[in-house]
C-alpha cells in the first residue's frame, strides 16, 4: 500500500463517527475498487491470531521460577498451590531473563516447552513477562498513594477484559486494536465482501473496528439456512425471505438484525464454497474446544486464495481460567488443552508454508493474585503471555519479570502484581510486525508514548 | 387501524375474499365489555402476554381481554408456584437417571404448560441476574440441585429481594459456583486469605453494580468521571464476611479439625441410598471456627448508610456478619434502579427512558406500604407502566431483540406443541445458543449494556441480546425454528411419539384465505404490529402456493417461519 493511501486508512480508522457507521459498507467497497492493488497471493500474506483465555489465566503458575530468590518468593506466596520445582518443564532461554532466574513451564505444557527450547531451527515461541492494562507506568508507592491514574475498575472481569482488548485502557468506545488494524488494512484484500476479521469464538471487543465488523464462523464452517439455500426448490421462499430481510426498516435494532442476517448468508456462502474445495491438511488437531477452533482457522488460511484474503486477524477463545478454587486440577486441564491446540496450530502453519506469516498470541483479562485463598487464587493484574510463530524472537522471556514476593515491590496489595509492560506495548509490538509504520503507531495506540520502549522486541523486523 | 389499512390494501390487490372474515374478527374484537384498564384490543393483549408469559395463545388472549390486566395480574400473583425440582424427582422415582437435559425438560414443561406463567417468566429473568450455570463450578453433575436453585427464584419471583439475596447467597449451588462454599478466615501460617469471588460478584452483578446510580438509572459523576460504588477494600471486607459456611450436615461445632472442614462427611445417609445428596438442597450452615470474626470489615459506604462509614465492627458471628452485610447491600440506593433496569430489559425494552426506570425503581424502593424490595410490586410497575403498555414507534427504537429461548417458546405455545406423552425432551438445542441456567459465565449470556459496533453504537443504543446473535447463531436459530415448523409437525409420517410436534391444523383451517392466515400469526407472534408492506408481501406470496391439502400446510409453515425469521419479528416492540 502506498503511504498516502495508508494515511487515508489511518484517518479512516480514527473517525468513529456516525458518518462512518452509516456508510461503512459503501466505503469499504468503494475503497476496494479504487485503492486496493490486488497482488499475487502467497508472497504477502500476514495474519494475527488472538487466543483469548477467559477468566484470567494464572500465568504465575504457567511460567514458574525453578530456583533462586524468585523460587523462594514464589513458594512462600503460593503455599499449597506452588508447583514443585522438580515437576516443572525446564526452559533454556537463549538470553537470560531479566531476573537471571531459572524458569519452567507447568507440567501440562510439554509441547510448548519443546517449541520454546528448540534449537535445531529458530524457536518460534517466546514468553512476554507481566503484561497488563496501564494508563501510565506506575510504581507500588504511586499506586498505593493514588498519585498516578490507573484504568478504572481494575480486577473486574467485564471491565478488564475490555481494556485488555482495546488500543488504550481509557478508550470509551467498545473497539479493539485488532479492529483498528483491520480498519487500516482491510482494503489490501482483493475481496471487499468478506471481513478480514474472523472470530471462531463469537463476539469479542478485540476485532471490533470503527469500519470493519468482524465475521463469526462456527467450528465446522459457516452456518447456512437450508430452507432458503440457493436451490431451485427454495427459489420462491428465498425471494420472500430476502425481500423481508432487505426491506427498509424503521427501527435501528431491526436494521441491525437484518444486517447480521445478510452478512451471515453472503459470507457463509463464500466460505463454505471455498472450504468445500479444500484439500484436507495433514496436520491433525486435538478434538478439543480450542483445537477445533484453531483447526478452522488453519482451514480458512488454507483457502485464503479462493477467498482472496491477504491480511487477516482471527480470534479464538478458551474459558475456565477463573480458578477461584480447585486451581491445581482445573488449570492443568486448561493448560493441557492450550498446549495441544497451539502446538498443532503451529505445525499447520508450517505445513501451509505460513509459519513466518502468522503470529499467534495469548490474551486474558488479568493474571491472578500471588496470594491464595486456600485452593484457588483471585483476580490479579499483570500476567505473562505466549507469542508463537516463525517471526517471533523465540526461546526468550521478554520484558521484566516481577518480584512475586508477598508485599514485595511489585505487589500492589494482597498479591495483585503491577504490570511491568502495558498492553499498549504488547499490542504495538505485534502491530509493528503486522505492518503499521512507526509514524502511524500512535494513531492506533494513543497512549503508547507514555511508556518507555514502544517495542518490546519479541518480534522480528517487519 | 391496521385492520382497516389492510382491508384497503387487500382491495387494491384484488383479494376480496377475505373481507367478510376480517369483518367477523372485528366484531369478535369488540364483543367484550372492556375493563377500563384494558387491554383494548387483541393486539394489545398479545403484546402484554409476550412480555409477561412464554408466549401468547388465542385462549389466553381471549381470557385476558375478558378479565383485564388487573385481574389477570392478581390471578398470577395468587397462582401456586409450579416448581422444577419435583418434576425431576418424579422422573427419578420412575427410575430415570437425571441429567441436566432433564432439568431443561422441566423448564420447557413449565414454560409450555404452567398456569403461573408470569411467575415462571420472572424467575427466568431473575436467572439471568442471579446467575449460576451448569457450565461451571462443578455443577454439571447436580441437575436436581440446580432445579432447586431455580425454585428459589420461582418461589421468590414476587417476594422480597432482600430475602432472595439471602437464599441465593446461602444456596450450596451458588456457594460452589462463586466459591463461597468453604471459604475460610485468613490463615497467615498457610498464607491463606479469604476468597474474593462472591464478594465481588454479589456487588457488581447482583445488587449495586460498579458505579453510583441516580434513581432513574443514570450514572452519578464527579469531575466528569463516574463515581465508583466500592473499592478493593470493600471487596476484602465482604470477602471476610462471607467466610465460615459449609454443608448443612457438617458437624459444625467448634474444635473441629481442618480435615473435617475440608472433608465433611456427606451425611447420615450414604450413597447410593435415597437422600444421600440432600445437603445440596439445604442452605449452607455457619461454622464459627472458620469465620473471620476478628477485625472490622469495610462494607459499602453511601448516603444514609446505617453502619457508620460502612464499617462493620469486629466480633460478629458468621450469621450476624452475613445479615449485616446483606442489609448493607440491600439498602444501598443503587439496588432499586439496578434491579428495575434488569427487569425492564428482560421483559420489555433494552432502552427504557430514565423516567421509566425511575418509576419502577420507586416501586422497588417503596411498594406503597413502606416496604423496600417487593418484587411483585416491581414487576407490576414494569408491566403496567405506560412505556410498556403503549406500542412504541419504530423511530423511538424502543423494544428489544427476542432471546432465542423465548422465540422457540413463543412458537411452541402459539402452535400448541406437544409430544404424545406430554414430555418436552428438548435436549439437544445447541443451535439456540441458550439454555436456562447454562450461561458460559456469571456474566450471563450477554452484558446488559452490550452494543454491537456500527449504527447501534453510534446511536448509543443498548442491545444485549445481539451479543449472542452472531453470523453463526442468526442462521442456526432461523434453521432450528424452521426445522420445528417444516419437519416436526403433528401428522408428519416420520415423527416418533417422543417428538415435540407443532399443531398446524388450526392454521390449515384458515389457509385457503392467506389474509386471515397472516393476520392470525401476526396476532400471535407480533401483537398485530406487522407493517403493511410485510403483510402484503406475505399475502401475495402465499396466494401463489396451491390451495391444496399440502399447499395449505405449506402456506402455514411458510407464514410462521417467514415471520419468525424476519427483522420485524426479531425485534419485539
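Residue numbers (the numbering used here), protein chains in the order written: chain A, 23 to 484; chain B, -17 to 555. Glycine included, C-beta positions come from ideal geometry on N, C-alpha and C. Source: prediction; values computed, not measured.
The three-state reading of DSSP puts residue 464 (chain A) in helix, counting H, G and I together. When secondary structure is reduced to three states using DSSP, residue 325 (chain A) falls in the coil class, being assigned neither helix nor strand. Under the three-state reduction of DSSP output, residue 441 (chain A) falls in the coil class, being neither helix nor strand. One alpha carbon belongs to residue 434 (chain B), the other to residue 448 (chain B), and they sit about 7 Å apart. Straight-line measurement puts the Cα of residue 324 (chain B) at about 7 Å from the Cα of residue 111 (chain B). Of all residues in the region 272 to 290 of chain A, those with a C-beta nearer than 8 Å to a C-beta of chain B are 272, 273, 274, 275, 276, 277, 278, 279, 280, 281, 282, 283, 285, 286, 287, 289, 290, reading in chain order. For residue 301 (chain B), the CB contacts under 8 Å within the same chain, skipping 5 residues up- and downstream, are 268 in chain order. Along the region 128 to 190 of chain B, the alpha helix (DSSP H) occurs as fully enclosed runs of 4 or more residues at 143 to 152, 154 to 159, 179 to 186, listed in sequence order. The region 388 to 399 of chain B makes no contact with the region 72 to 87 of chain B, as fewer than three CB pairs between them are under 8 Å.
Annotation for residue 469 (chain A): no beta strand (DSSP E) segment contains it, and DSSP assigns it neither H nor E.
Here the C-alpha atom of residue 84 (chain A) lies approximately 13 Å from the C-alpha atom of residue 404 (chain A). A Cβ of chain A is located within less than 9 Å of the beta carbon of residue 379 (chain B).
Distance between residue 220 (chain A) and residue 340 (chain A), taken at the CA atoms: about 16 Å. With a threshold of 16 other beta carbon atoms within 10 Å, residue 394 (chain A) meets it and is buried.
Burial check for residue 417 (chain B): the Cβ neighbour count within 10 Å reaches 16 or more, so the residue is buried.
Beta-bridge pairing by DSSP links residue 228 (chain B) to B:267.
Residue 154 (chain A) has A:444 as its beta-bridge partners, per DSSP.
Here the alpha carbons of residue 156 (chain A) and residue 432 (chain A) stand approximately 14 Å from one another.
If you draw a 10 Å sphere on the C-beta of residue 69 (chain B), you find 16 or more other C-beta atoms in it, and that means buried. Residue 248 (chain A) has a beta carbon lying within less than 9 Å of a beta carbon in chain B. As DSSP reads the structure, residue 70 (chain A) sits in a beta bridge with A:335, A:381. Residue pairing from DSSP leaves residue 324 (chain B) without any beta-bridge partner. Residue 406 (chain B): not part of any alpha helix (DSSP H); DSSP gives it neither H nor E.
Bridge pairing for residue 92 (chain B): absent [DSSP]. By the criterion of at least three beta-carbon pairs nearer than 8 Å, the region 293 to 300 of chain A is not in contact with the region 337 to 354 of chain A. Judged by DSSP in its simplified three-state form, residue 403 (chain A) adopts coil rather than helix or strand.
For residue 273 (chain A), there is no enclosing beta strand (DSSP E), as DSSP gives it neither H nor E. Non-local beta-carbon contacts of residue 365 (chain A) in its own chain, meaning distances under 7 Å to residues more than five positions away in sequence, involve 133, 134, 137 in chain order.
Selection B:25, B:500, B:280 evaluated against residue 46 (chain B) yields B:25 as nearest (Cα-Cα).
Interface criterion not met: the Cβ of residue 325 (chain A) is under 9 Å from no Cβ in chain B. Boundaries for residue 170 (chain A): no beta strand (DSSP E) harbours it, and the DSSP string shows neither H nor E there. For residue 436 (chain A), the residues of chain B that pass the 8 Å Cβ criterion are 175, 214, 218, in the order they occur in the chain. Relative to residue 185 (chain A), the option among A:207, A:154, A:272, A:126 whose CA is nearest is A:154.
By the Cβ criterion, the region 426 to 444 of chain A is not in contact with the region 193 to 201 of chain A, since fewer than three pairs of Cβ atoms, one from each stretch, lie closer than 8 Å. Short of 6 Å from the beta carbon of residue 334 (chain B), and not among the five residues preceding or following it, lie these beta carbons of its own chain, in chain order: 326. The shortest C-alpha to C-alpha distance from residue 366 (chain B) to any of B:117, B:345, B:377 is the one to B:345.
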